[in-house]
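First comes the structure, then the notes that go with it.
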Amino acid sequence: VYIEEVSATPPGSSSNNYDYITLYNSTDKPVSLAGCGLAKSQDKKYEFGDVTIGAGERLTVYASGGAPKNAVRGSIYLPYKLSVSGECLELRDAEGELWDIFETGKLRTGVTAVRKEGERVYRSGGSSYTGYTAVPEVSSEGGYTEAGTGITVKVPDGARVYYTTDGSAPDADSPEYTGAIRVEHSCVLKFVAIAEGRLASDTVTRTFLVEEKHDIPVVCISGDPAGYFSKESGIFSMGNNPGEGPMYRGANFWKDWERASTIEYYTVDGRRGVEFDADIKIHGNYSRALEQKSIAVLLRGDYGQSRVTYPFFDGNPVVTQGSFVLRSGGQDQIRTKLRDAFIAKAVKDVMNVTVMDAAPCALYINGEYYGLYFIREKLNEDYFETHYGIERESLDIIKANTTVLCGSISDYNKLFRYVEQNDMAQKENYEYFCSMVDIESMTDWWIIQTWFGNTDIDNVKIFRDSAGGKWKWALFDMDLALLRKDYNAVDKMYHDTYGTGRTVSAALISNLLRNPDYREKFIERYSFCVNTVLNPERLYGILNAMTAQIENEISRQAQITQTLTVSKWNSCITALEDILLARTENTALYMQRVFGLSADEAAELFRPEYDAGALKRHTPQ
Numbered sequence: 010v011y012i013e014e015v016s017a018t019p020p021g022s023s024s025n026n027y028d029y030i031t032l033y034n035s036t037d038k039p040v041s042l043a044g045c046g047l048a049k050s051q052d053k054k055y056e057f058g059d060v061t062i063g064a065g066e067r068l069t070v071y072a073s074g075g076a077p078k079n080a081v082r083g084s085i086y087l088p089y090k091l092s093v094s095g096e097c098l099e100l101r102d103a104e105g106e107l108w109d110i111f112e113t114g115k116l117r118t119g120v121t122a123v124r125k126e127g128e129r130v131y132r133s134g135g136s137s138y139t140g141y142t143a144v145p146e147v148s149s150e151g152g153y154t155e156a157g158t159g160i161t162v163k164v165p166d167g168a169r170v171y172y173t174t175d176g177s178a179p180d181a182d183s184p185e186y187t188g189a190i191r192v193e194h195s196c197v198l199k200f201v202a203i204a205e206g207r208l209a210s211d212t213v214t215r216t217f218l219v220e221e222k223h224d225i226p227v228v229c230i231s232g233d234p235a236g237y238f239s240k241e242s243g244i245f246s247m248g249n250n251p252g253e254g255p256m257y258r259g260a261n262f263w264k265d266w267e268r269a270s271t272i273e274y275y276t277v278d279g280r281r282g283v284e285f286d287a288d289i290k291i292h293g294n295y296s297r298a299l300e301q302k303s304i305a306v307l308l309r310g311d312y313g314q315s316r317v318t319y320p321f322f323d324g325n326p327v328v329t330q331g332s333f334v335l336r337s338g339g340q341d342q343i344r345t346k347l348r349d350a351f352i353a354k355a356v357k358d359v360m361n362v363t364v365m366d367a368a369p370c371a372l373y374i375n376g377e378y379y380g381l382y383f384i385r386e387k388l389n390e391d392y393f394e395t396h397y398g399i400e401r402e403s404l405d406i407i408k409a410n411t412t413v414l415c416g417s418i419s420d421y422n423k424l425f426r427y428v429e430q431n432d433m434a435q436k437e438n439y440e441y442f443c444s445m446v447d448i449e450s451m452t453d454w455w456i457i458q459t460w461f462g463n464t465d466i467d468n469v470k471i472f473r474d475s476a477g478g479k480w481k482w483a484l485f486d487m488d489l490a491l492l493r494k495d496y497n498a499v500d501k502m503y504h505d506t507y508g509t510g511r512t513v514s515a516a517l518i519s520n521l522l523r524n525p526d527y528r529e530k531f532i533e534r535y536s537f538c539v540n541t542v543l544n545p546e547r548l549y550g551i552l553n554a555m556t557a558q559i560e561n562e563i564s565r566q567a568q569i570t571q572t573l574t575v576s577k578w579n580s581c582i583t584a585l586e587d588i589l590l591a592r593t594e595n596t597a598l599y600m601q602r603v604f605g606l607s608a609d610e611a612a613e614l615f616r617p618e619y620d621a622g623a624l625k626r627h628t629p630q
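Its first residue numbered 10, the sequence shown is counted upward by one per residue in my numbering.
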C-alpha cells in the first residue's frame, strides 16, 4: 500500500472540499490498515482503526484538521491539514515499519501530486507535468521609477514569458515578452514563465511608481480589474442594482465578496519591504457607501502562507499578521482621516484597553493612486492569538452585547443577568463580578468613550479566554468621537440603553456604579487619566506628530476625492484641537452633574495642569 495522490488545495467551493490523501493497494490481496499510521510529522499523525483496502482499490482520507461539523459517515478525517508549500508524508505499519514516504512538493489550487511509475508528477486539468517552470527574473524590484525606464526579464531556459499591465494574472494568451518594456507612467507589470511539459511558474508582480515620492510607506494592491471595478462583479462598484442612497444597500460593496490579490509594501525610502498574495474584501459598515472604501486583507494558506511577518507598526512587538485592514478613515474620511487612529495611539499602552495599532500609507490599486489610508491591525482570532496567546478554541468575542463573533455568548449572558438581578452594592456580588470581569479594562473603556465624547458609542467588543480568563474590552471605530465641544457623554453610563437605535444595554456599568467603593475608584481613575494621559500637552504632541506625518499626503488625496479639500482638512484639524481643549475644560462640569460632586470637588479632581499658550497648534503649510 502506498500514497498515490495528494491535494492540498482542491478546486471548488464545496463545504466538503478538504485536502486529501489517496492510498492505493497495489497487491492482489486485501490489506488491513489497523494500527497503521499516516503522518506529516511526529506530532501530526493519524492511526487507522479497523480499515481494510481491497486488492487494487483506493482509500481517500481527508486532511481537514479534525472531524468537521458536516462530517460524512464512514469518511476518515485526519487531525491535520496540508500545506501548499509541500509536505513529507509517511505511512507506517502497526509496528512502526516504513511502508511508504512521499514528498508532495509545492501544490496549487487544482494541482495534485501523483505517484506515476514510481516518480512524482503533477496533475492538473487531466494533464500531467514533471514540475514547475522556473520563475522569470525581473530587472527591477519595482517602486519609484523614472519615466522611460526599460524593464527587462531573464527568461528561463526552454520557457516563454508572458505579461500583463492591468493587474490580471498572465497566461499563455497574454502578450509575450520579447524585449525591454518601457515604463512611462505608474503601472503594475505581472510576469509568468511557461515551458513545455511543466506547470506555469509563480507570477512575479512589480508595481512601478512614476510619481513624486510620498512621505509615508506605499501599499500596492493588484488583481483582476473586473473583480475590483466591473458592474457585474467589482467589489468597489455600485453594481447593477445599488438601490436608494445614501446607503445603496444593493450595491456590490455591501456583498461579502473576496478577490484574489497581490499585496506589495514599499518603505518610505522606496525599498521593497514585503510581497504576498491574499484575498481582499470591503471592510466596515456605513462607511462602505462613502467615496473611499476600507479594505480587509486576509492571508490564506491556499496562497502559500496564512500569515505575513513584517514590522508594519513601529514599536509593536507583534510583527506577524494573519490579516489587517487598510482603513480609509471610515466616517471621518470627510474630516481629518485620523480620528480613530489618533485616539487609539493616545490610549495605547497607557490605558487598560485593547487597541488596533495604526500606520499611514499611500494606497495604489493596479498602479493607480487611491489616496491616504491607515494600515490597522484587525480585531479577530489571529489578533488575540498573537497579542494574548489565546487559542481559537477558547476565545470568546462578543459585539454590542448580543452578537457572537467567536466562541460562545452563554457565560456572558449569565453574567449580564446576574448583574441585572443582584445588587452590586453588596460586597459579595461586587466581588463575584470582579472575578469574571477585568474591572480596570471596563473602567478605562468607559472613560475613553465618555471623555472623547463618542457619539457612536455602541461600538463595543469584549473578549476573554474561556479557559480561565476575565472579560476585557477592546477599542474600535472612534470616527464619530471628538465632534462636539459640549457633548456630555458621561451620563450615557446611567442610561438603560444607548447607541444607534438604543440597542446596547448599559446595565453592567450602571449597576456597578451603585457600589460606593467602585464609584469612588471610578472617579479616582477618571481624575488620574484626565490629569495625565489625557492632558492637552500630551494629546497635542501626539496629534501634532500624526498631522505632520500625513500633511503632504492630504494635498495628493484632495486631487482624487470630492469630499476632502486641503482647506477643509486644515479647518477640521483646527476644530479637533479646539474640541480637545473644550473636553478638558468641560470634564469637571460633566462629572459634577452626573456624580453629584460639589463644584470644588470637581475642580480639584479634573483640572489638569498645562500651559494653554504653549500648546503647539496646527499651522497649515
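Note that the Cβ used here is the ideal one computed from N, Cα and C, for glycine as well.
Spatial neighbours of alanine 204 within its chain, please: CB distance less than 6 Å, with the 5 preceding and 5 following residues excluded, ordered by chain position. Thr142, Gly167 and Ala168
Cβ neighbours of valine 428 in the same chain (closer than 8 Å, five flanking residues each side left out): Phe442, Ala516, Leu517, Asn520 and Leu521
Can you grab the Cα-Cα spacing for the pair arginine 616 / tyrosine 599, in whole Å? 13 Å
Assumed close pair isoleucine 304, isoleucine 272 - CB separation to whole angstroms, cut-off 8 Å: At roughly 10 Å, the Cβ-Cβ gap does not stay under 8 Å, so isoleucine 304 and isoleucine 272 are not in contact.
Could you tell me the distance, in whole angstroms, from the CA atom of threonine 459 to the CA atom of isoleucine 582? 21 Å
In terms of residue numbering, what span does the alpha helix (DSSP H) encompassing serine 580 cover? 575–604
Neighbourhood of valine 446 by C-beta distance below 6 Å, restricted to the same chain and skipping five residues each side: Lys479 and Trp480
Please confirm whether lysine 408 and lysine 470 have their CB atoms less than 8 Å apart. yes
Could you spell out the range, first to last residue, of the alpha helix (DSSP H) harbouring tyrosine 549? 545–566
6 Å CB neighbourhood of valine 40 in its chain, flanking five on each side removed: Val10, Asn34 and Ile62
Nearest to glutamine 601 (by Cα), restricted to the options Ile551, Leu590 and Glu613: Glu613
Taking alanine 623 as the reference, which of Tyr549, Val277 and Thr121 has the closest Cα? Tyr549
Are there 16 or more other CB atoms within 10 angstroms of the CB of glycine 188, so buried, or fewer, so exposed? exposed
Contact set for tyrosine 4: own chain, Cβ-Cβ below 6 Å, skip 5 residues either direction: An answer regarding residue 4 cannot be provided, because it is not within the stretch 10 to 630 covered by the chain.
Give the secondary structure of threonine 412 by DSSP, where H, G and I count as helix, E and B as strand, and everything else as coil. strand
To the nearest whole angstrom, what separates the beta carbons of leucine 116 and valine 93, a pair I think is in contact under 8 Å? 5 Å
Burial state of glutamate 96 (16 or more Cβ within 10 Å): buried
Going by C-alpha to C-alpha distance, which of Asp286, Val306, Met451 and Glu300 sits closest to histidine 292? Val306
Coil, strand or helix - cysteine 97 by DSSP: strand
When the cut-off is 8 Å and only beta carbons count, does glycine 176 lie next to chain D? Note that chain D does not occur in the displayed structure, where there is just one protein chain.
Using the Cα positions of serine 23 and tyrosine 71, report the straight-line distance between them to the nearest angstrom. The predicted position of serine 23 is uncertain, since its pLDDT is 49 and thus under 50; a value taken from the coordinates is nonetheless stated next. Distance between the alpha carbons of serine 23 and tyrosine 71: 14 Å.
Residues bridged to arginine 309 [DSSP beta-bridge criterion]: Bridge partners of arginine 309: none, in fact.
Going by DSSP in three states, proline 234 sits in which element: helix, strand or coil? helix
Helix or strand or just coil, what does DSSP make of arginine 616? coil
Just reading off the beta strand (DSSP E) that alanine 122 is part of, what are its end residues? 121–125
Supposed close pair glutamine 330, serine 296 - CB separation, criterion 8 Å: At roughly 22 Å, the Cβ-Cβ gap does not stay under 8 Å, so glutamine 330 and serine 296 are not in contact.
Which residues DSSP lists as bridging histidine 292, in chain order: Ser303
If valine 362 sits next to aspartate 453, beta carbons under 8 Å apart, how far is it from one beta carbon to the other, in whole angstroms? 5 Å
Spatial distance of glutamate 560 from alanine 368 (CA atoms): 14 Å
If you run the structure through DSSP and keep just helix, strand and coil, what is alanine 434? coil
Tyrosine 9 (DSSP reduced to helix, strand or coil): Nothing about residue 9 can be reported from this structure: the residues present for the chain run from 10 to 630 only.
Could I get the ranges of all uninterrupted beta strand (DSSP E) runs contained in the stretch 338–389, with 3 residues as the minimum, in chain order? 367–374 and 377–386
Is cysteine 229 helix, strand or coil when you go by DSSP? strand
Tell me whether serine 22 sits in a helix, a strand or coil according to DSSP, three-state version. Since pLDDT at serine 22 reaches only 44, below the 50 mark, its modelled position is unreliable, and no value is offered.
What do you reckon, are the CB atoms on valine 201 and threonine 212 nearer than 8 Å? yes
How is lysine 530 classed by DSSP in three states: helix, strand or coil? helix
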